[in-house]
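Colleague: Here you go, one structure.
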Amino acid sequence: MTTSEAVEVVPAPEQLDRWLHAQTWFRGRGPVECERVTVLREGDPALVHVLLACDGRRYQLLLGVRDELPERLVHARIGSAGGRQVYEAVYDPELTAVLLDHFEKSSEVADLRFRGALPPRYTDAPVGRPFPGLQRNFSIVYGQRHVLKFFRELVPGDNPELVLHTALHSVEDPHIAPPLGALESELDGERTTFAVLHEFVPLGSLGWPMATASVRDYLAGPAEDPQNAGGDFAAEAHRLGRAVARVHADLRETLGTQASGPADEFVAALHRRLDAALLEVEALEPFEQGLRARYDAVLADPRPLRLQRVHGDLHLGQVLRSPLTWVLVDFEGEPHGTPADRARTRPAEHDVATVLRSLHYAAAQLLVGAEDVATLLPRAARWLAHNRKAFCDGYAEVSPDLLPDGALLCAVELDRAVVEVRHEQRYRPEWTVIPLSAIAEVLTGEPVWTA
Numbered sequence: 001m002t003t004s005e006a007v008e009v010v011p012a013p014e015q016l017d018r019w020l021h022a023q024t025w026f027r028g029r030g031p032v033e034c035e036r037v038t039v040l041r042e043g044d045p046a047l048v049h050v051l052l053a054c055d056g057r058r059y060q061l062l063l064g065v066r067d068e069l070p071e072r073l074v075h076a077r078i079g080s081a082g083g084r085q086v087y088e089a090v091y092d093p094e095l096t097a098v099l100l101d102h103f104e105k106s107s108e109v110a111d112l113r114f115r116g117a118l119p120p121r122y123t124d125a126p127v128g129r130p131f132p133g134l135q136r137n138f139s140i141v142y143g144q145r146h147v148l149k150f151f152r153e154l155v156p157g158d159n160p161e162l163v164l165h166t167a168l169h170s171v172e173d174p175h176i177a178p179p180l181g182a183l184e185s186e187l188d189g190e191r192t193t194f195a196v197l198h199e200f201v202p203l204g205s206l207g208w209p210m211a212t213a214s215v216r217d218y219l220a221g222p223a224e225d226p227q228n229a230g231g232d233f234a235a236e237a238h239r240l241g242r243a244v245a246r247v248h249a250d251l252r253e254t255l256g257t258q259a260s261g262p263a264d265e266f267v268a269a270l271h272r273r274l275d276a277a278l279l280e281v282e283a284l285e286p287f288e289q290g291l292r293a294r295y296d297a298v299l300a301d302p303r304p305l306r307l308q309r310v311h312g313d314l315h316l317g318q319v320l321r322s323p324l325t326w327v328l329v330d331f332e333g334e335p336h337g338t339p340a341d342r343a344r345t346r347p348a349e350h351d352v353a354t355v356l357r358s359l360h361y362a363a364a365q366l367l368v369g370a371e372d373v374a375t376l377l378p379r380a381a382r383w384l385a386h387n388r389k390a391f392c393d394g395y396a397e398v399s400p401d402l403l404p405d406g407a408l409l410c411a412v413e414l415d416r417a418v419v420e421v422r423h424e425q426r427y428r429p430e431w432t433v434i435p436l437s438a439i440a441e442v443l444t445g446e447p448v449w450t451a
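So for the sequence shown, UniProt numbering puts the first residue at 1; every next one is plus one.
In structure tokens:
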């Protein structure tokens, strides 16, 4: 599309800039440049794909363009162009259906390639609805069949979400939502993933609300042993451990492993992250020497580290319990990591540690601001110990190499807690006590909670 034609479908720069800078996912600060505009459907409404650049980053938008904006879409309005109303198209089911049509036909529209392998529809075009809740990216759910995830920020190359799902699907791993297609184009001369299409997980329940409901049930009830509480989560934690271990094993089979040699560089990275956190969080200073000693304990093991591709950001909000099994989702890696970070091989203990940290958050989140912390804390600790053991036992049944008390897992879990302390200090200072207490309990045997 020529620049003059683009003017008719893209809002004025000041309107687009104002809207973008109000979005939580947009990290640009400077002027926004429109690099590419592709019309996916003409008429009223029209569907337009836009590639933007700002501060060295690329973003994509799906725009709807209508002569008149119905009330149901007013909240999505961005601005106007050529006398027509422009809005974010993800909220318009008439336009999201167009995307599914392109995948079914494996269309190529200008530089955009819709690569799909969809089964025949059992109804007419299912309604596409935006996935509820805040998201770093945005997802469109089609009936009970498909989920289409668009990556807000684009990085040249294949997205880990596509790479890992494709590898796992090749060996029929049961713990993923099978991939059905991808939207691809070129960025800087490199094939790049713009979106991925997956099967929908029917009746899936997120792990986080399941775990926190279990904690509430236990803390509110009379049972001293968590397994005697009505909402015991341990059986699910055990199944989740098995699922994570199976995914790790399948990633080793499909994408291989590598030996890192001595663990010096790995341990040095732990120290660097601690150095950065100490500059921001004074409360970490009493634990510095203990943390460094636990990191250095990894060097005592003469065996090389076994590195592999892992999920990279695994926690209870990234797992769904379907009627049949646990399903791992969102394989993009750490939210703010660089492309190299997200594609980096790691010890499998990284994912284990992040799940264990998530279990700790589930156990402790009700204590933040509570008046009876002294009463609740021992019970929360029992719930955590019970479910940690269940998860690790389940993992070890599939991958016996896991050492729940090993120096490597301890070091990685402490490293994750240090990262959490820094994050909480920046964004939720009252929650800093959760990861800080985890560090204190490992190093001193005593939590740091106060009422």
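No residue lacks a Cβ here, since even glycine has one placed at the ideal position from N, Cα and C.
#1: Report the option in G337, G445, L356 and L270 whose CA atom is closest to the CA atom of residue 454.
#2: So, using beta-carbon positions, are R77 and D44 closer together than 8 Å?
#3: Taking just the CA atoms, how far does L384 sit from A235?
#4: Whose C-alpha, out of R191, D217, R242 and R239, is nearest the C-alpha of G230?
#5: Can you tell me whether T123 is buried or exposed? The criterion is at least 16 other CB atoms within 10 Å of its CB, across all chains shown.
#6: Below 6 Å CB to CB, which residues in the same chain sit around D158 once its five sequence neighbours on both sides are set aside?
#7: What does a CB cutoff of less than 7 Å around V90 pick up in its chain, not counting 5 residues either side in sequence?
#8: Which same chain residues, not among the five before or five after P447, have their C-beta less than 7 Å away from its C-beta?
#9: Buried or exposed for Y59, please, with buried defined as at least 16 other CB atoms from any protein chain shown within 10 angstroms of its CB.
#10: Are at least three pairs of beta-carbons, each pair with one atom in the region 163-180 and one in the region 253-263, less than 8 Å apart?
#11: Does N228 pass the burial test, meaning 16 or more other C-beta atoms within 10 Å, or should it be called exposed?
#12: Just list the alpha helix (DSSP H) runs in the region 125-185, keeping only unbroken ones of 4 residues or longer that don't cross its boundaries, in chain order.
#13: Write down every uninterrupted run of the alpha helix (DSSP H) in the region 413-449 whose length is 4 residues or greater and which is fully enclosed by it, in chain order.
#14: Just checking my contact of L320 with V327 at CB under 8 Å: how many whole Å lie between their CB atoms?
#15: Would you check if the distance between the CB atom of L402 and the CB atom of V352 is smaller than 8 Å?
#16: Excluding the 5 residues flanking A243 on each side, which residues of the same chain have their C-beta closer than 6 Å to its C-beta?
#17: Based on the DSSP output, what are the partners of G116 in its beta bridges?
#18: Check whether the region 71-87 and the region 24-40 touch, using three or more Cβ-Cβ pairs below 8 Å as the test.
#19: Enumerate in chain order the residues of its own chain whose CB-to-CB distance from S106 is below 7 Å, with the five nearest sequence positions on each side excluded.
#20: Taking DSSP as the reference, what is the three-state secondary structure of Q15?
#21: Pull up the distance between the alpha-carbon of P160 and that of R152, whole angstroms please.
#22: On a CA-only basis, which of A245, E224 and H315 is nearest C392? Give me that one, please.
#23: What would DSSP say about E42, mapped onto helix, strand or coil?
#24: Pull the bridge partners of V65 from the DSSP assignment, please.
Modeller: So, to answer that:
#1: For residue 454 there is no data in the structure shown, the boundaries of the chain being 1 and 451.
#2: Going by C-beta atoms, R77 is not nearer than 8 Å to D44.
#3: Approximately 13 Å between the Cα atoms of the pair.
#4: Minimum Cα-Cα distance from G230 among the listed residues R191, D217, R242 and R239 corresponds to D217.
#5: For T123, the predicted model reports a pLDDT of 46, less than 50, meaning its position is unreliable; a value from the coordinates is still stated below. Exposed.
#6: Cβ neighbours of D158 beyond the five flanking positions: T193.
#7: Cβ within range, chain order: L62, T96, P130, F138 and I140.
#8: The answer, listed in chain order, is L377, S437, A440 and E441.
#9: Taking all protein chains shown into account, Y59 has 16 or more neighbouring C-beta atoms within 10 Å of its C-beta and is therefore buried.
#10: For the pair of segments examined, the region 163-180 was found to touch the region 253-263: the number of CB pairs separated by less than 8 Å reaches three.
#11: Classification of N228: exposed, given that the 10 Å Cβ count is below 16.
#12: Here the runs fully enclosed are 160-170.
#13: The qualifying runs are 433-444.
#14: With 8 Å as the limit, L320 and V327 qualify as a contact, their Cβ atoms being about 5 Å apart.
#15: It is a contact, given that the beta carbons lie within the stated cut-off.
#16: Only H175 and W326 meet the Cβ criterion.
#17: Note: G116 sits in a beta bridge opposite G181.
#18: The region 71-87 and the region 24-40 do not touch, with fewer than 3 CB-CB distances between them shorter than 8 Å.
#19: Around S106, the same chain offers F114, R115 and G116 as residues with beta carbons nearer than 7 Å, after the five sequence neighbours per side are excluded.
#20: It is helical.
#21: Spanning the alpha carbons of P160 and R152 requires a straight line of approximately 15 Å.
#22: Nearest option by C-alpha distance: A245.
#23: Coil, per DSSP.
#24: DSSP, once it has assigned bridges, lists A46 and V86 as partnering V65.
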